[in-house]
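Chemist: My questions all concern the structure below.
4 protein chains.
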Amino acid sequence: MIELAAVGGYSEVGRNMTAVKIGNDVVVLDIGLHMENYIHATNDEDVLNISAELLIKSESVPNVDSIRDWEGKVSLIIPSHAHLDHVGGIPYLCGRYPKADILAAPFTAAVLRNILNEEKIRIRNKIKTLDVNARYMQSDEVKVEFINITHSTPQSIIVAIHTKQGIILYANDFKFDLYPVIGKKPDFAKLRLMGDKGVLALIIDSTYAGWYQKMPSESVARQLLRDVLLGADNKGRAIIVTTFSSHIARLKSIVELGIKLDRKVVFLGRSLAKYVAAARDTGIADFTANVEVVKFKRQVSRRLKRIMKEGKDRYLIVMTGHQGEPNSSLYRLAHDELDFRLDPGDHVIFSCRTIPTPTNIANREYLEKLLTKKGARIFRDIHVSGHSAREDAREMISLVRPKHIIPAHAPLEMTSKMAELAYEMGYAEHKKYKYSPVAV
Amino acid sequence: MIELAAVGGYSEVGRNMTAVKIGNDVVVLDIGLHMENYIHATNDEDVLNISAELLIKSESVPNVDSIRDWEGKVSLIIPSHAHLDHVGGIPYLCGRYPKADILAAPFTAAVLRNILNEEKIRIRNKIKTLDVNARYMQSDEVKVEFINITHSTPQSIIVAIHTKQGIILYANDFKFDLYPVIGKKPDFAKLRLMGDKGVLALIIDSTYAGWYQKMPSESVARQLLRDVLLGADNKGRAIIVTTFSSHIARLKSIVELGIKLDRKVVFLGRSLAKYVAAARDTGIADFTANVEVVKFKRQVSRRLKRIMKEGKDRYLIVMTGHQGEPNSSLYRLAHDELDFRLDPGDHVIFSCRTIPTPTNIANREYLEKLLTKKGARIFRDIHVSGHSAREDAREMISLVRPKHIIPAHAPLEMTSKMAELAYEMGYAEHKKYKYSPVAV
Amino acid sequence: MIELAAVGGYSEVGRNMTAVKIGNDVVVLDIGLHMENYIHATNDEDVLNISAELLIKSESVPNVDSIRDWEGKVSLIIPSHAHLDHVGGIPYLCGRYPKADILAAPFTAAVLRNILNEEKIRIRNKIKTLDVNARYMQSDEVKVEFINITHSTPQSIIVAIHTKQGIILYANDFKFDLYPVIGKKPDFAKLRLMGDKGVLALIIDSTYAGWYQKMPSESVARQLLRDVLLGADNKGRAIIVTTFSSHIARLKSIVELGIKLDRKVVFLGRSLAKYVAAARDTGIADFTANVEVVKFKRQVSRRLKRIMKEGKDRYLIVMTGHQGEPNSSLYRLAHDELDFRLDPGDHVIFSCRTIPTPTNIANREYLEKLLTKKGARIFRDIHVSGHSAREDAREMISLVRPKHIIPAHAPLEMTSKMAELAYEMGYAEHKKYKYSPVAV
Amino acid sequence: MIELAAVGGYSEVGRNMTAVKIGNDVVVLDIGLHMENYIHATNDEDVLNISAELLIKSESVPNVDSIRDWEGKVSLIIPSHAHLDHVGGIPYLCGRYPKADILAAPFTAAVLRNILNEEKIRIRNKIKTLDVNARYMQSDEVKVEFINITHSTPQSIIVAIHTKQGIILYANDFKFDLYPVIGKKPDFAKLRLMGDKGVLALIIDSTYAGWYQKMPSESVARQLLRDVLLGADNKGRAIIVTTFSSHIARLKSIVELGIKLDRKVVFLGRSLAKYVAAARDTGIADFTANVEVVKFKRQVSRRLKRIMKEGKDRYLIVMTGHQGEPNSSLYRLAHDELDFRLDPGDHVIFSCRTIPTPTNIANREYLEKLLTKKGARIFRDIHVSGHSAREDAREMISLVRPKHIIPAHAPLEMTSKMAELAYEMGYAEHKKYKYSPVAV
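Protein chains in written order, with my numbering: chain A, 44 to 483; chain B, 44 to 483; chain C, 44 to 483; chain D, 44 to 483.
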């Protein structure tokens with residue numbers, strides 16, 4: 044018998060975690076971190092006090108207490124990609140599963156190691172890397188296979204767990220991008236093969252299940268950036284771009300457009316430095332030749348001062364702060380805490396979407412107000428998402444033809460849209476409930 | 044074993060229908076009509092062509108084909124109240140269950156009979172009336188009990204089906220109103236008693252499960268009406284009120300305020316006439332002494348002409364058309380198709396909410412545009428809903444302590460909010476899915 | 044010639060200030076404080092550093108530099124009512140107009156004095172009180188008249204400035220409430236008289252100009268409160284109500300319902316204490332006999348501890364924090380910083396609307412999340428606004444028939460709705476622009 | 044003295060019309076048609092009854108009565124481009140100005156002539172064509188200049204009226220597209236030159252003034268189309284695309300992608316035929332070689348029948364109906380009124396945005412519901428707008444540095460955003476109103 048525990052991430056975005064029990068073996072897929080809750084929870088805390096218990100109680104990490112009886116059986120932890128809501132909880136919770144190996148694609152593993160270094164957390168679990176379309180035999184019962192897929196960070200994978208009862212397919216997060224800026228196209232052939240072999244259950248990213256679209260390619264985001272960077276008049280102006288640090292493809296487009304603009308590209312901030320290093324170390328992209336990366340807070344301010352001096356129109360500045368996070372570089376710049384003056388007509392490009400939580404909306408609104416007061420030109424939403432929309436999901440379902448569809452990675456409003464799609468595609472209506480005799 | 048078929052109305056508002064199979068007996072709760080789909084479907088059709096098949100295909104009535112194998116066993120059809128989305132499908136579908144009796148409160152029965160007369164439909168099923176808190180023994184296995192509840196039409200009931208496995212409680216639609224304008228307060232004692240006896244499943248109205256409120260009393264709507272009718276300057280002006288024809292309590296408030304204003308109250312339109320007659324015939328409210336009811340189209344126009352002549356400020360006019368329905372009285376008035384002139388400063392009071400479908404929104408927008416062009420003063424949303432909000436639902440669950448909660452009467456966005464509430468109240472999280480061996 | 048300077052508050056809610064120059068005399072109407080900007084601006088500041096300049100730059104108070112040339116001429120400062128967005132900037136800016144007297148209704152004056160005491164600010168201007176429908180002769184040229192009006196704080200007035208060119212009428216903020224819970228009804232007769240005498244310009248509250256309604260009476264809010272307090276099951280539960288501290292009528296309803304519930308009413312927090320004292324001192328409402336007011340932070344925690352001990356179901360607790368403000372009493376309670384335990388089923392009643400800025404929305408969402416986690420029942424929006432809606436505005440315009448209408452107290456989206464109403468009522472369309480010869 | 048009459052289109056999208064009086068000469072810019080109002084107004088009317096009066100009263104065309112005293116002086120009517128909200132009112136209103144010539148770019152003129160033919164309207168005004176960057180001398184006083192600009196239909200122009208007092212610049216509608224799919228880039232040099240010469244007033248498209256963006260290039264729309272047409276699995280499926288008939292660039296992309304897909308492209312419907320013919324006749328694009336255009340209703344159905352027979356996966360079908368218009372081809376297809384069967388998995392691509400009026404929203408919702416019921420895959424919003432966003436507007440203002448900015452082509456919510464931008468850019472705050480003595 045196969046049991047599946049939806050530990051976290053089935054009604055929200057943040058604390059993703061799924062546990063699959065096959066016989067006596069348990070495989071854990073993703074252990075994510077809910078950033079907003081994490082920040083609230085650790086706000087007034089000493090770093091040394093950040094216990095797993097505190098993080099569970101504050102809903103920063105999945106509530107693993109619900110699978111306490113499985114604890115001794117966990118043999119594998121597989122983060123599907125390098126985003127914090129998938130990998131960020133591992134440092135705090137993997138200690139519960141001391142015998143489990145962590146299995147990840149090289150980039151994901153590199154990012155995880157970076158986090159461990161930075162937070163000074165030591166773990167006992169072994170980290171093993173696996174190619175994005177390799178197979179791994181854990182036991183007679185359990186075979187794991189990676190299937191490379193496109194998403195907004197490199198080396199994202201769909202995980203297939205082969206069992207005697209069929210395949211469990213874990214497709215959190217993905218989109219089908221036929222024109223990716225970096226990396227391979229989705230492996231359609233292998234997905235179809237899974238379908239042929241028999242998929243028992245598909246756990247599927249439902250973030251945009253209510254969008255009646257195919258999610259546009261990352262090459263469209265590149266085009267949008269080209270339009271803004273080469274098409275808007277920026278002579279004599281500063282250009283500041285802010286985007287997701289883990290989005291190496293996006294950064295690549297920015298760098299290449301910076302070169303076309305004949306501006307020197309600088310990346311400012313610890314988070315950018317971390318992901319850029321991981322990309323270089325794993326051979327995905329090496330920006331060394333064309334980009335100057337400045338990591339530490341004090342250096343950032345000094346570097347900006349020099350930019351002011353040399354002429355800010357000679358630079359393209361990439362920095363963190365796209366969600367308006369207090370204390371991000373962009374926030375501090377807007378707040379006059381850095382040695383940089385924004386003048387009327389300077390460009391600030393948000394190559395992202397505001398992730399629509401009330402906190403982000405409030406933070407962005409405040410940040411944009413500060414920027415606008417200085418006369419900056421704001422370019423919002425120069426972005427395309429990395430998540431599947433309704434029509435990507437439909438193709439995924441058509442390809443792998445699962446027996447069961449388990450919507451995930453979204454609040455109920457959206458997972459219910461995925462259920463609607465499944466129903467539309469002929470999955471049973473389940474409109475009859477049966478009650479066996481019950482003693483009340 | 045008890046089986047429950049969610050035939051319709053579990054992911055939308057309109058085609059409500061639930062079938063409960065207890066042994067060899069099937070009880071049907073509600074057979075509703077989806078008005079918008081019905082209008083689209085029957086638009087170009089000859090009345091004689093309106094078959095059950097057409098109505099099923101067009102999603103105007105519940106798809107009863109899904110319980111075709113139960114057909115012969117249906118012994119009772121129980122409409123919970125007089126709204127069309129609960130009672131309006133009976134004329135078209137009860138023929139499928141020729142042996143079933145229709146069991147209803149007197150007002151509901153009267154409305155059903157009116158519809159049958161009007162549409163010239165003859166049915167073979169017997170219509171039996173039962174008091175709002177009476178019991179009915181159908182067989183050894185099946186006992187039915189009515190529990191009076193507050194809602195936006197009189198004599199609404201919660202249906203309890205007593206079985207050996209426990210009680211099935213059908214609470215579509217309800218709110219807890221302690222200060223109702225008409226009828227009794229909810230029967231809390233009996234609900235608590237149900238809980239004591241053991242409720243197997245509660246089917247519950249989720250229309251506003253996402254509203255963090257207790258739904259305000261109808262007496263608040265009365266206060267809002269008072270405020271607008273007595274508090275706004277209407278000297279020398281026409282006053283037109285439009286509201287739900289079936290909302291006898293609302294009509295009562297309007298009539299009483301009309302008397303206070305010293306204006307003659309007239310009700311215009313077939314639909315108003317129908318419900319007012321049912322209310323009078325069942326002893327709920329008799330407006331005869333104070334209201335002139337004009338039923339037929341031709342008379343409506345003549346009556347309005349006379350109002351113009353006698354002085355429109357001597358009248359309070361109640362008419363249909365609150366959702367902007369094309370060809371409603373108010374629509375035709377705004378369109379200059381009736382012998383009545385709207386002047387700047389005349390009052391049009393919408394004692395309703397726009398039911399937020401795109402069609403209604405478009406219709407209302409167009410109607411209000413016409414009214415505004417003539418200078419009419421528009422008073423929107425002079426209304427309180429008849430549906431439970433989150434805190435009513437919480438109290439219902441606390442009172443009856445069901446083993447299972449089945450959210451109904453809303454799209455998935457809202458039923459999922461009800462699920463959230465259940466979870467909040469400690470109902471099991473169901474985060475573990477189990478798969479027994481499956482041959483793929 | 045009369046000149047009118049829209050110093051602040053004509054495209055936002057917060058920094059209200061209007062200056063009217065009649066000959067050599069300047070009358071200032073309101074000097075408001077923008078709370079959100081004020082909090083941001085003074086966050087990291089030492090109280091001693093809070094200069095007028097800082098507050099102007101941070102858009103916390105009106106930018107009075109725009110009428111610098113009028114400075115010497117200001118003879119009167121008239122706050123229209125006791126809300127901070129109308130009176131809160133006076134302490135910081137009245138020093139610019141040392142010769143100006145401050146003229147206010149008794150309650151408004153008392154609140155202003157309280158603020159000055161609390162912030163330890165000394166001003167040189169004389170504070171004079173005037174009855175809510177008295178007249179005041181400032182000079183041959185300038186006569187000021189107060190007209191009592193209904194709003195969400197006591198003794199709100201409309202200010203009439205009589206000049207040889209006609210009357211300037213300042214109607215920020217108001218609604219027409221014919222059933223007020225406290226104070227007199229609006230003085231319609233006097234408003235009509237203003238119209239007869241000739242109103243040159245009406246400056247009018249546009250907060251809800253896009254709401255096609257008459258704003259409901261405060262007596263409706265009272266009914267909503269009754270419904271929630273007497274109609275929801277709170278046996279054995281805590282009841283916490285949070286509302287606007289300055290809303291004495293609302294507090295009165297809460298106190299009276301508390302008595303009906305046979306619970307002891309306690310008011311917790313400095314802000315409540317301040318307004319309650321002002322209401323008592325000016326003879327508006329004396330809660331002394333029925334309410335225990337606890338002012339200081341330390342006492343609040345102690346009092347809550349005692350409530351826990353004595354039985355929280357014997358109390359009705361009123362506290363600050365309705366917008367989710369960090370560090371408000373309710374926030375700290377939800378955060379476990381006070382000696383009070385919220386249990387599942389305890390009631391938290393928000394007798395307010397979330398003022399829809401991103402910051403408030405984020406704060407409220409976070410607060411409600413904390414409350415929900417503890418199982419509290421949340422009752423939102425038990426509230427009716429104190430601002431005029433479209434149909435109140437229409438009546439005001441009909442009564443006073445101004446030559447010019449100047450929409451105020453709202454962003455452009457809403458002031459443009461007021462302009463639309465004016466156009467609807469026959470005010471000239473101004474669709475022809477004329478350009479006299481211009482040297483380019 | 045120059046006078047400017049904002050006859051229509053300054054607070055809505057639809058009935059655009061501006062009249063500029065220079066001495067004794069009046070130039071009219073655009074005479075648009077409000078389609079929704081037009082349809083409502085002419086619904087039950089005999090075509091012969093469609094008088095200018097009816098159209099004015101129903102707000103289908105601009106209310107030219109407001110410039111009745113200028114009637115005899117109108118010497119020129121200049122439609123800025125071929126959209127109906129700019130050119131569609133000319134047939135009905137140009138008779139009021141019998142002496143006026145109509146001056147238009149070749150494509151615009153061709154479309155106008157097509158409409159006249161189709162509606163069988165004969166006008167006496169001469170239609171003169173002018174190249175998109177030509178000059179035209181009307182009199183000593185009045186010189187007109189066309190400036191080519193990018194928009195969503197070919198040969199759109201900005202109109203410059205040179206007067207002794209400066210230039211009047213009419214920029215309705217435009218965006219700055221540096222990578223247009225068809226036609227020239229915007230003529231930045233000439234716009235800057237206008238600025239140097241002195242622009243008295245800029246009338247500017249404010250449709251998206253509240254979008255903090257530069258509007259993306261049409262080449263992005265092309266990329267989006269490529270993604271959907273080449274990137275989604277459509278083997279064996281029908282592909283139906285619906286878009287704006289006047290959008291020749293979009294049609295070009297569709298045709299080219301159809302060729303890549305190796306499918307035969309057919310255009311169905313009268314409206315498409317009309318614009319395609321105009322594009323061919325004016326040398327803009329000739330689809331003859333690659334597209335089969337079917338104009339008349341009866342032929343459309345026959346052609347679809349043949350497509351069914353030959354295999355629908357051999358075709359790419361382009362048809363009207365993107366806003367869900369009842370009786371459009373797509374509507375009739377979804378309604379089973381055409382000889383074409385939609386099967387599960389067939390593609391329907393909306394290469395447009397739903398223009399957000401309640402009517403369109405309702406129509407689209409109904410259409411999509413029908414399509415979904417048949418199992419069609421829907422791809423929404425494969426589109427980029429032709430209107431300037433905030434940052435295009437900022438560049439326009441920077442280039443031409445007008446003395447006055449007149450926001451147009453949007454409801455007040457948006458024109459107020461344009462005013463906000465102007466204020467941000469340093470245009471005077473106008474916060475002081477002056478009243479000269481007034482006799483009341």
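Backbone N, C-alpha and C define an ideal beta-carbon position, used for all residues, glycine too.
(1) List the residues that DSSP assigns as beta-bridge partners of residue 191 (chain D).
(2) Please list the partners that residue 353 (chain B) has in chain A, where partner means a Cβ-to-Cβ separation under 9 Å.
(3) With DSSP collapsed to three states, give me the class of residue 483 (chain C).
(4) Leaving out five residues before and five after residue 451 (chain D) in sequence, what residues of the same chain have Cβ atoms less than 8 Å from its Cβ?
(5) With a cut-off of 8 Å on the beta carbons, I'd call residue 436 (chain D) and residue 413 (chain D) a contact; round off their distance for me.
(6) Looking only at its chain, what residues have a beta carbon closer than 8 Å to the beta carbon of residue 113 (chain D), apart from the 5 residues adjacent to it on each side?
(7) Chain D beta carbons: is any one of them nearer than 7 Å to that of residue 456 (chain C)?
(8) Roughly how many angstroms lie between the CA atoms of residue 150 (chain C) and residue 326 (chain C), to the nearest whole one?
(9) Check the Cβ of residue 320 (chain C) against every Cβ in chain D and list those closer than 7 Å, keeping chain order.
(10) Out of curiosity, what's the CA-to-CA distance linking residue 456 (chain A) and residue 433 (chain B)?
(11) For residue 337 (chain D), collect the residues of the same chain with a Cβ closer than 6 Å to its Cβ; drop the 5 residues on either side in sequence, then sort them by chain order.
(12) Report yes or no: is there a C-beta of chain D within less than 7 Å of the C-beta of residue 408 (chain B)?
(13) Helix, strand or coil for residue 394 (chain D), going by three-state DSSP, please let me know.
(14) Where do the ends of the beta strand (DSSP E) carrying residue 494 (chain D) lie?
(15) Given that residue 102 (chain C) touches chain D, what residues does it touch there, using C-beta distances under 9 Å?
(16) Pick helix, strand or coil for residue 473 (chain A), following the three-state DSSP scheme.
(17) Can you name the start and end residues of the alpha helix (DSSP H) that residue 296 (chain D) belongs to?
(18) Could you tell me the distance, in whole angstroms, from the CA atom of residue 335 (chain B) to the CA atom of residue 272 (chain B)?
(19) Give a yes or no on contact between the segment 129-143 of chain B and the segment 93-105 of chain B, applying the rule of three or more CB pairs nearer than 8 Å.
(20) For chain D, is any of its Cβ atoms less than 7 Å away from the one on residue 260 (chain A)?
(21) Can you tell me the Cα-Cα spacing of residue 387 (chain B) and residue 314 (chain C), whole angstroms?
(22) For residue 483 (chain B), collect the residues of the same chain with a Cβ closer than 7 Å to its Cβ; drop the 5 residues on either side in sequence, then sort them by chain order.
(23) With a threshold of 16 other CB atoms inside 10 Å of the CB of residue 180 (chain A), please say whether the residue is buried or exposed.
(24) Quick check: is any heavy atom of the ligand COA less than 6 Å from the C-beta of residue 451 (chain D)?
(25) To the nearest angstrom, how far is the alpha carbon of residue 9 (chain A) from that of residue 255 (chain D)?
Modeler: From the atom records:
(1) D:200
(2) Ordered by position in chain A, no residue passes the 9 Å Cβ test against residue 353 (chain B), which lies about 54 Å from the chain.
(3) Only weak support is given to the placement of residue 483 (chain C): the predicted model assigns it a pLDDT of 31, under 50, and the question is left unresolved by the model.
(4) 49, 52, 53, 59, 61, 215, 246, 247, 248, 249 and 458
(5) Actually they do not touch by this definition, with Cβ atoms about 39 Å apart.
(6) 48, 62, 64 and 69
(7) yes
(8) 9 Å
(9) Correct list: empty, because the minimum Cβ distance to chain D is about 37 Å.
(10) 17 Å
(11) 311, 343 and 346
(12) yes
(13) strand
(14) No answer is possible for residue 494 (chain D): it lies beyond the span of chain D, which begins at 44 and ends at 483.
(15) In chain order: nothing, as chain D lies at least about 14 Å away.
(16) Since pLDDT at residue 473 (chain A) reaches only 49, below the 50 mark, its modelled position is unreliable, and the value read off the structure follows with that caveat. Here residue 473 (chain A) sits in coil by DSSP.
(17) 291-303
(18) 19 Å
(19) yes
(20) yes
(21) 46 Å
(22) Unreliable placement is indicated for residue 483 (chain B), whose pLDDT of 31 sits below 50; the coordinate value is still reported in the next sentence. Cβ within range, chain order: n/a, list empty.
(23) exposed
(24) Absence of the ligand COA is noted for the structure shown, with no ligands found whatsoever.
(25) As shown, chain A starts at 44 and ends at 483. That puts residue 9 (chain A) outside it, with no answer to give.
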